[in-house]
Amino acid sequence: MSHSPFSVQVEPRYLADQSSPKDNVYTFSYTVTVTNVGEIGAQLIARHWLINDASGHAQEVKGLGVIGQQPLLAPGESFRYTSGCRLQAPSGTMHGSYFVVTEEGERFDVPIPMFVLEADIAGTPVSRVLH
721 MSHSPFSVQV EPRYLADQSS PKDNVYTFSY TVTVTNVGEI GAQLIARHWL INDASGHAQE
781 VKGLGVIGQQ PLLAPGESFR YTSGCRLQAP SGTMHGSYFV VTEEGERFDV PIPMFVLEAD
841 IAGTPVSRVL H
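Numbering (the numbering used here), first residue to last: 721 to 851.
See below:
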């Protein structure tokens with residue numbers, strides 16, 4: 721099996737103005753950059769996310785494409801989009817995979833590495849890297 725044709729980078733962000741900690745609503749955006757690191761064109765067909773928060777609440781999100789698109793990326797091309805999610809606790813994690821099909825018909829599940837969602841309640845930016 722050849723290696724994954726796409727690399728995935730995610731930048732999460734806490735949206736204080738769309739959150740209500742007293743109601744246990746914590747809203748986050750995340751900007752994803754998907755880059756075709758393979759040698760042939762490939763299309764992002766579907767997404768699968770697993771979202772867990774510190775309260776023990778788990779969500780699973782599956783669907784076609786991302787933000788209503790199924791981008792076809794030539795080698796070296798990137799696609800960047802921003803989406804969002806809501807947690808019931810001030811922190812959580814997200815990870816998942818993209819289903820990708822190359823122009824030669826090869827199918828891949830491209831892993832999306834786990835990242836941390838951390839509400840910045842005190843007004844100080846929080847950045848944590850998982851190793």
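Every residue, glycine too, gets a C-beta built ideally from N, C-alpha and C.
Source: prediction; values computed, not measured.
Test item: CB-CB of residue i and residue j under 8 Å
| i | j | result |
| --- | --- | --- |
| Thr747 | Ser739 | yes |
| Ser817 | Asp829 | yes |
| Ser727 | Thr802 | no |
| Met834 | Trp769 | no |
| Gln790 | Asn744 | no |
Backbone CA spacing between residue i and residue j [nearest angstrom]
| i | j | result |
| --- | --- | --- |
| Val836 | Ala766 | 22 Å |
| Gly827 | Ser775 | Gly is not the amino acid found at residue 827; the sequence shown has Arg there. For Arg827 and Ser775, the distance between alpha carbons rounds to 35 Å. |
| Lys782 | Arg806 | 16 Å |
| Gly788 | Glu824 | 24 Å |
| Gly796 | Ala839 | 34 Å |
| Ile832 | Asp737 | 27 Å |
Neighbourhood of residue i by C-beta distance below 6 Å, restricted to the same chain and skipping five residues each side
| i | result |
| --- | --- |
| Glu731 | Thr751 |
| Gln779 | Ile771 |
Beta-carbon contacts of residue i that lie in its chain and below 8 Å, excluding the five residues immediately before and after
| i | result |
| --- | --- |
| Arg800 | Thr751, Val752, Thr753, Val754 |
| Leu793 | Phe726, Val754, Thr755, Asn756, Gly761, Ala762, Gln763, Leu764, Phe799 |
| Leu735 | Thr747, Phe748, Ser749, Gly804 |
| Arg733 | Phe748, Ser749, Tyr750, Thr751 |
Under the three-state DSSP convention, the category residue i falls into
| i | result |
| --- | --- |
| Gln738 | helix |
| Asp743 | helix |
| His768 | strand |
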